[in-house]
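Those protein sequences? They're chains Z and P, same order as listed. Read in order, the letters of the first sequence correspond to residues 1142 to 1236 in the numbering used here. Read in order, the letters of the second sequence correspond to residues 1142 to 1236 in the numbering used here. C-beta atoms are modelled at their ideal positions from N, C-alpha and C, and glycine is treated no differently. Below: one structure, written as structure tokens.
There are 2 protein chains.
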Amino acid sequence: MYKSLDPLLHNELRLKIMSLLISIESAEFNFLLDETKATRGNLSAQITKLAKADYITVNKSFKNNYPLTTCKISAKGIDAFESYATALKTYLGNR
Amino acid sequence: MYKSLDPLLHNELRLKIMSLLISIESAEFNFLLDETKATRGNLSAQITKLAKADYITVNKSFKNNYPLTTCKISAKGIDAFESYATALKTYLGNR
DNA sequence: ATAAACAAGTTTATAAAATAAACCAAATAA
DNA sequence: TTATTTGGTTTATTTTATAAACTTGTTTAT
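Right, dumping it as structure tokens:
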């Protein structure tokens, strides 16, 4: 089958992350953790995948001495998300 | 993460099959093969999964002496598809 | 000052899923 | 009658997702 749905976005956790980031300037790791109810390991893994594809940028700093990971969607990520939304619609018909 | 997207439908090939069946009374194996461009093996496997979940019914007969597999979406399948579409929309925002 | 508990992630190992490749039975063609 | 084609199914491999274990450093209690 020729794939029209970006496999990177066609995963619930990654899609949720992107869906949050697209309307939230940027988000901290723990915020995403709370919103998604994912495990830390899984969240970390999926953030890494999105970052490797340059769909998001990840900034590492410190807050109160603790590591702080902040994520932000990129222009490429926004494009991919929009394309994904468009492609999906062709499957859903009028719904 | 709590899953809100039915994993059975959240796969491009199965989604495509369902998307075709929902607007086509019924479809023959070769029709689905042609529309999806999947391999026969993969198509067979995914049809089996959808059938096991009672999302579709599968009828086996013969046409011109050759085996003929016909698929039809079920009421349960329609419901699942509609729910999936609704759930997805929460991820896509206004798009 | 040391040890135990906690924070914020990352890495690794396992389970599950998707897919391609190989196979099969029956029909037709050479 | 052997070879090829049709219409699939089954098996084996690869990929992906996920949970469990680990790491690095911090804070709290002793």
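So which residues on chain Z does S1160/P lean against when the C-beta distance must stay under 9 Å?
-> Per Cβ cutoff of 9 Å: T1231, Y1232, L1233 and G1234.
List, in order along the chain, the chain P residues whose C-beta lies closer than 8 Å to that of T1177/Z?
-> The contacting residues are M1142.
Chain Z partners of A1226/P, CB-CB under 7 Å?
-> L1233 and R1236
Within 8 Å, strictly: CB atoms of I1214/Z and V1199/Z | no
With a CB to CB cut of under 6 Å and the five nearest residues on each side skipped, what residues in its chain are close to A1228/P?
-> S1145 and L1146
What does S1164/P reach in chain Z if we use C-beta pairs closer than 9 Å?
-> Correct list: G1234.
Which first and last residues belong to the beta strand (DSSP E) in which L1209/Z is found?
-> Y1207 to I1214
By how many angstroms is the C-alpha of I1219/Z removed from the C-alpha of A1194/P?
-> 35 Å
Which residue from L1150/P, L1149/P, Y1143/P and K1157/P puts its Cα closest to that of Y1237/Z?
-> There is no way to answer for residue 1237/Z, as the model of chain Z reaches only from 1142 to 1236.
Best match in A1179/P, G1234/P and I1197/P for proximity to C1212/P [C-alpha to C-alpha] = I1197/P
Using CA coordinates, which residue listed in N1183/Z, E1169/Z, N1171/Z and E1166/Z is at the minimum distance from E1153/Z?
-> N1183/Z
Can you pull the chain Z residues whose beta carbon is under 9 Å from the beta carbon of E1223/P, in chain order?
-> Going along chain Z in sequence order, the residues near E1223/P (Cβ under 9 Å) are R1236.
Positions along the segment 1146-1158 of chain Z whose CB lies within less than 9 Å of some CB in chain P = Listed by position along the chain: L1146, P1148, H1151, N1152, E1153, L1154, L1156 and K1157.
To the nearest angstrom, report how far apart L1174/Z and T1180/Z are at their CA atoms.
-> 7 Å
Residues bridged to F1203/P by DSSP?
-> P1208/P
Taking the alpha-carbon positions, what's the S1202/Z to N1235/Z distance?
-> Rounded to whole angstroms, the gap between the alpha carbons of S1202/Z and N1235/Z is 45 Å.
Nearest to N1171/Z by alpha carbon, out of S1185/Z, R1155/Z and A1226/Z?
-> Of the candidates S1185/Z, R1155/Z and A1226/Z, the residue whose Cα lies closest to the Cα of N1171/Z is S1185/Z.
Regarding K1230/Z and the ligand COA, is the C-beta to nearest heavy atom distance less than 7 Å?
-> In the structure shown, the ligand COA is absent, as is every other ligand, since no ligand is present at all.
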